[in-house]
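Visitor:
2 protein chains.
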Amino acid sequence: MRTAYHEQLESLTTQLGDMCGLAGTAMERATQALLQADLALAEQVITDHEQISAMSVRAEETAFVLLALQAPVAGDLRAIVSSIQIVADVDRMGALALHVAKIARRRHPQHALPEEVNGYFAEMGRVAVELGQSAREVLLTRDPEKAARIRDEDDAMDDLHRHLFSVLMDREWRHGVAAAVDVTLLGRFYERFADHAVEIARRVIFQVTGHAPEEEGLPLSR
Amino acid sequence: MRTAYHEQLESLTTQLGDMCGLAGTAMERATQALLQADLALAEQVITDHEQISAMSVRAEETAFVLLALQAPVAGDLRAIVSSIQIVADVDRMGALALHVAKIARRRHPQHALPEEVNGYFAEMGRVAVELGQSAREVLLTRDPEKAARIRDEDDAMDDLHRHLFSVLMDREWRHGVAAAVDVTLLGRFYERFADHAVEIARRVIFQVTGHAPEEEGLPLSR
Chain E
1 MRTAYHEQLE SLTTQLGDMC GLAGTAMERA TQALLQADLA LAEQVITDHE
51 QISAMSVRAE ETAFVLLALQ APVAGDLRAI VSSIQIVADV DRMGALALHV
101 AKIARRRHPQ HALPEEVNGY FAEMGRVAVE LGQSAREVLL TRDPEKAARI
151 RDEDDAMDDL HRHLFSVLMD REWRHGVAAA VDVTLLGRFY ERFADHAVEI
201 ARRVIFQVTG HAPEEEGLPL SR
Chain G
1 MRTAYHEQLE SLTTQLGDMC GLAGTAMERA TQALLQADLA LAEQVITDHE
51 QISAMSVRAE ETAFVLLALQ APVAGDLRAI VSSIQIVADV DRMGALALHV
101 AKIARRRHPQ HALPEEVNGY FAEMGRVAVE LGQSAREVLL TRDPEKAARI
151 RDEDDAMDDL HRHLFSVLMD REWRHGVAAA VDVTLLGRFY ERFADHAVEI
201 ARRVIFQVTG HAPEEEGLPL SR
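Here you go:
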């Protein structure tokens with residue numbers, strides 16, 4: 001009985017890890033759709049989002065059944081409670097990728113982005129995939145060193161975001177207000193995507209060590 | 001034993017309701033700080049945020065203890081799992097009020113907002129307080145009709161947000177890109193605040209009726 005239970009708990013973790021991977025892939029594709037003004041790819045991200053939503057519902061249900069049937073205690077209980085919270089974070093990561101894809105679709109056949117900022121978004125898309133992969137690894141390995149890597153990736157995202165804003169705020173910005181609004185929102189979506197990955201790592205590490213990771217140098221997501 | 005347990009569960013709901021009220025008040029004050037360029041008020045919102053964070057930690061801990069000590073089943077278990085998810089939503093509402101206050105502080109002694117959009121933000125601030133109050137009432141009464149009121153308030157927020165964007169996108173916008181960036185982010189913060197209130201109502205109603213409220217006309221937060 002205990003063994004079947006731990007198998008289920010492990011399967012829940014695998015589900016969450018898979019969702020992180022999918023969210024990263026969604027953000028990668030949404031970024032491509034944005035950069036290439038690729039309508040078909042934007043549509044694909046929008047359609048594929050159903051899958052992440054369905055997996056969220058399934059993961060919540062798995063966690064609920066584990067609580068209901070097994071009445072777990074101590075560490076196991078903490079793991080399941082964390083899982084319920086992590087579902088919300090990774091679900092949101094998927095929704096943020098969806099938002100990016102929707103802006104790409106709304107602006108099609110135009111490019112949403114002025115060419116000047118393409119490089120920033122290409123890089124933010126690359127970091128987003130890494131964050132999805134790293135969150136997955138942290139979930140599967142519960143390794144604090146891997147969690148520290150997420151901190152570095154989040155720092156990279158913050159730097160990109162800050163530079164992007166300095167480009168926007170520059171008096172030389174000559175792409176008008178509408179493009180500035182899109183770039184502001186898009187930048188925010190990538191930043192929040194990273195925040196949620198950090199939050200997932202924070203929850204896993206808290207669960208493993210009993211300390212909030214910010215005490216161990218991993219900043220709290222805000 | 002069962003009675004003490006239900007008292008604890010009720011106290012958890014009260015905690016969540018109080019947090020919703022505080023988040024609404026925080027957004028009201030942050031809005032005032034923004035409109036009046038009132039640094040002291042902005043600082044107060046920033047300081048008071050600690051209280052919401054501390055209450056989040058406490059509410060999560062209460063929920064955890066209830067799960068650990070009581071091994072609840074069925075409806076009670078669902079109520080506690082929802083509570084854990086609701087903590088995350090209301091915590092985020094507080095963080096969004098904090099973000100508004102921080103923009104007011106960053107721009108002080110300037111006003112962050114061009115006078116032209118003050119009216120929109122005054123109104124969004126008013127709706128935010130109502131949303132905090134309504135979320136509190138939905139939590140305490142579990143009344144689907146009160147949940148429907150949140151839908152109306154969210155619609156009002158969406159309308160304000162849409163109008164705000166049409167002002168921004170207008171060729172007549174003459175406040176420059178920096179102000180447009182602030183207005184974009186601020187508008188997004190109010191919109192997300194409303195989304196989280198809707199999500200709280202959705203969770204409460206799902207728990208009461210077993211149906212997602214969108215099946216009953218309450219739109220899913222996105």
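As given, the protein sequences belong to chains E and G, one line each in that order. Okay, so the first sequence: first residue is 1 according to UniProt numbering, each after it adds one. Okay, so the second sequence: first residue is 1 according to UniProt numbering, each after it adds one. Glycine included, every Cβ here is placed at the ideal spot set by N, Cα and C. If you're wondering where the values come from, they're calculated on a predicted model, not measured in any experiment.
Under 8 Å between beta-carbons, which chain G residues line up against I84/E? List them in chain order, please.
Guide: The contacting residues are V81, I84 and Q85.
Visitor: By DSSP, does P109/E sit in helix, in strand, or in coil?
Guide: If DSSP states are grouped into helix, strand and coil, P109/E belongs with coil.
Visitor: I'd like to know if V208/E contacts chain G, where contact means its C-beta is closer than 9 Å to some C-beta of that chain.
Guide: So no, V208/E is outside the interface.
Visitor: What's the call for M55/E, buried or exposed, on a 16-neighbour Cβ count within 10 Å?
Guide: Buried, by the Cβ-count rule.
Visitor: How would you call T184/E, buried or exposed, if buried means at least 16 neighbouring beta carbons within 10 angstroms?
Guide: With 16 or more other Cβ atoms within 10 Å, it is buried.
Visitor: Closest to R192/E by CA distance: which of V204/G, D158/G, E115/G and R92/G is it?
Guide: Of the listed residues, the one whose Cα sits closest to R192/E is R92/G.
Visitor: To the nearest angstrom, how far is it from the Cα of R29/E to the Cα of V129/E?
Guide: Each residue's alpha carbon lies about 10 Å from the other.
Visitor: With DSSP collapsed to three states, give me the class of A211/E.
Guide: It should be pointed out that residue 211/E corresponds to His in this sequence rather than to Ala. Of the three classes helix, strand and coil, the one that applies to H211/E here is coil, per DSSP.
Visitor: Please give the ranges of any beta strand (DSSP E) in the stretch 77 to 143 of chain G, keeping only runs that are unbroken, at least 3 residues long and fully inside the region.
Guide: List check, beta strand (DSSP E) in window: nothing returned.
Visitor: Quick one: Cα of D38/G to Cα of G187/G, how far?
Guide: Approximately 19 Å, taken between the alpha carbons.
Visitor: Tell me the residue span of the alpha helix (DSSP H) that contains E172/G.
Guide: Run containing E172/G: none; DSSP gives neither H nor E here.
Visitor: Quick one: what does DSSP say D38/E is sitting in, helix, strand or coil?
Guide: Residue state, collapsed to three classes: coil.
Visitor: At 7 Å on the CB atoms, spell out the chain G contacts of T25/E, in chain order.
Guide: Here the premise fails: no neighbours, minimum Cβ distance about 20 Å.
Visitor: Assuming V87/E and L16/E form a contact by the criterion Cβ under 8 Å, report the distance between their Cβ atoms to the nearest whole angstrom.
Guide: Right, the Cβ-Cβ distance comes to about 7 Å (below 8 Å), so this counts as a contact.
Visitor: Starting from the beta carbon of V73/G, find every residue of chain E whose beta carbon is closer than 7 Å, and list them in chain order.
Guide: Under the 7 Å cutoff, chain E gives A68.
Visitor: Identify, in the order they occur along the chain, each residue of the same chain with its Cβ nearer than 8 Å to the Cβ of L139/E, setting aside the five sequence neighbours on each side.
Guide: So the qualifying residues of the chain are T13, L16, G17, C20, I86, I200 and V204.
Visitor: At a Cβ threshold of 9 Å, is A180/G touching chain E?
Guide: Answer yes: the Cβ-Cβ gap between A180/G and chain E drops below 9 Å somewhere.
Visitor: Taking 9 Å as the threshold (C-beta atoms), are A71/G and A71/E in contact?
Guide: Yes, these two residues count as a Cβ contact at 9 Å.
Visitor: Compute the Euclidean distance between the alpha carbons of G210/G and L164/E, then round it to the nearest angstrom.
Guide: G210/G and L164/E: Cα-Cα distance of roughly 45 Å.
Visitor: Could you say which of L9/E, A4/E, R105/E and R171/E lies nearest to L41/E if we only look at CA atoms?
Guide: Selected option, being the one with the closest Cα: R105/E.
Visitor: For V167/E, return the contacting residues in chain G, with the cut-off set at a CB-CB distance below 9 Å.
Guide: Ordered by position in chain G, no residue passes the 9 Å Cβ test against V167/E, which lies about 10 Å from the chain.
Visitor: Does F64/E get closer than 9 Å to chain G when you measure Cβ to Cβ?
Guide: It does: the Cβ of F64/E has a partner Cβ on chain G nearer than 9 Å.
Visitor: Looking at chain E, is there any beta carbon in it that lies within less than 9 Å of the beta carbon of V177/G?
Guide: Yes - at least one Cβ of chain E is within 9 Å of the one on V177/G.
Visitor: If contact is defined by three or more beta carbon pairs under 8 Å, each pair taking one atom from either stretch, is the stretch 154 to 172 of chain G in contact with the stretch 164 to 184 of chain E?
Guide: Taking 8 Å as the limit for Cβ pairs, the verdict is that the stretch 154 to 172 of chain G does touch the stretch 164 to 184 of chain E.
Visitor: Comparing the C-beta of T13/E with each C-beta of chain G, is any distance below 9 Å?
Guide: No, no contact with chain G.
Visitor: Check whether the Cβ of T47/E lies closer than 9 Å to any Cβ atom in chain G.
Guide: Chain G contact via Cβ: absent.
Visitor: Which word fits D152/G, buried or exposed, when buried means at least 16 other C-beta atoms lie within 10 angstroms of its C-beta?
Guide: Classification for D152/G: exposed.
Visitor: Does any residue of chain G bring its CB to less than 9 Å from the CB of R136/E?
Guide: Not one chain G Cβ lies under 9 Å of R136/E.
Visitor: Measuring alpha carbon to alpha carbon, tell me which residue in V198/E, D154/E, R202/E and V100/E is nearest L35/E.
Guide: Per the Cα distances, V100/E.
Visitor: Is it true that the CB of D159/E sits closer than 9 Å to the CB of L131/E?
Guide: Against a cut-off of 9 Å, the Cβ pair of D159/E and L131/E comes out as no contact.
Visitor: Contact criterion: CB-CB distance below 9 Å. Does L185/G meet it with respect to chain E?
Guide: At least one chain E Cβ lies under 9 Å of L185/G.
Visitor: Smallest Cα separation from G94/E: which of T31/E, A74/E and Q8/E?
Guide: Closest option to G94/E, Cα to Cα, is T31/E.
Visitor: I'd like to confirm something about S53/G: is its beta-carbon nearer than 8 Å to some heavy atom of the ligand ZN, or not?
Guide: Only the bare structure without any ligand can be found here, which leaves the ligand ZN out of the picture.
Visitor: Please check if any C-beta of chain G sits within less than 9 Å of the C-beta of A88/E.
Guide: Chain G, which has a Cβ nearer than 9 Å to the Cβ of A88/E, makes this yes.
Visitor: By how many angstroms is the C-alpha of A63/E removed from the C-alpha of L218/E?
Guide: Confidence in L218/E is poor, its pLDDT being 45 and thus under 50, which makes the residue's placement unreliable; the coordinate value appears in the next sentence. Near 27 Å, if we compare the C-alpha coordinates of A63/E and L218/E.
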